[in-house]
Amino acid sequence: MVRLSKEKIFEGNSKIIYRIDEYTLIQFFKDDMRINAEKVIQVSGKGVLNNVISNYIFKRVSMVGINHHLIQKINMREQLIYALLILFQLKYASLILLLVDMLVNLALKMVTYLILLLLVLW
């Protein structure tokens, strides 16, 4: 296994970003959960779950032809990502999640109405 040298460039509440080279980063998901301004607790498995959710969302985003920063999942806690504007990612990630959630809910409602319509017409 090849070990990459990595330089920590950002650490937030839920992730650490390491620079691999000019174009690629590693995103590490932590188990930390901030309760308030002073208190942070460890929630076992939170980082693993966040990595799974992130991969799921960006695979779905790819299916509709939207480019994103994810290259691949490395392991249970890490992703290889393109070195895009991290501030853009952090600022608009919640908006993207909201839009994906709205689309999923809309699709579920449409399927439900279609099933009800088929039952009525049957």
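Residue numbers (our numbering): 6 to 127. Just so you know, even glycine gets a beta-carbon here, dropped at the ideal spot from N, CA and C.
Going by CA-CA distance only, name the one from the options that's closest to residue i.
| i | options | result |
| --- | --- | --- |
| I62 | I14, L113, L104 | L104 |
| L56 | I46, I71, L75 | Reading off the sequence, residue 56 comes out as Asn, not Leu. Checked all of I46, I71, L75; the closest Cα to N56 is L75. |
| D37 | L119, L122, T117, R82 | R82 |
With DSSP collapsed to three states, give me the class of residue i.
| i | result |
| --- | --- |
| I22 | strand |
| D36 | coil |
| V45 | strand |
Going along the chain, which residues of its own chain have a beta-carbon closer than 8 Å to the beta-carbon of residue i, five neighbours each way excluded?
| i | result |
| --- | --- |
| L102 | I62 |
| I40 | I46 |
| G50 | D36 |
| I79 | I31, L85 |
Considering only residues of the same chain and omitting the five flanking positions on each side of residue i, which have a CB-CB separation below 6 Å?
| i | result |
| --- | --- |
| Y23 | K11, K13, I31 |
| L89 | H74 |
Residue i: buried (16+ other C-beta within 10 angstroms of its C-beta) or exposed?
| i | result |
| --- | --- |
| I21 | buried |
| I86 | buried |
| S67 | exposed |
| G70 | exposed |
Here's a check: name, in chain order, each residue in its chain whose Cβ is nearer than 7 Å to the Cβ of residue i, leaving out the five neighbours to either side.
| i | result |
| --- | --- |
| N18 | D37, R39 |
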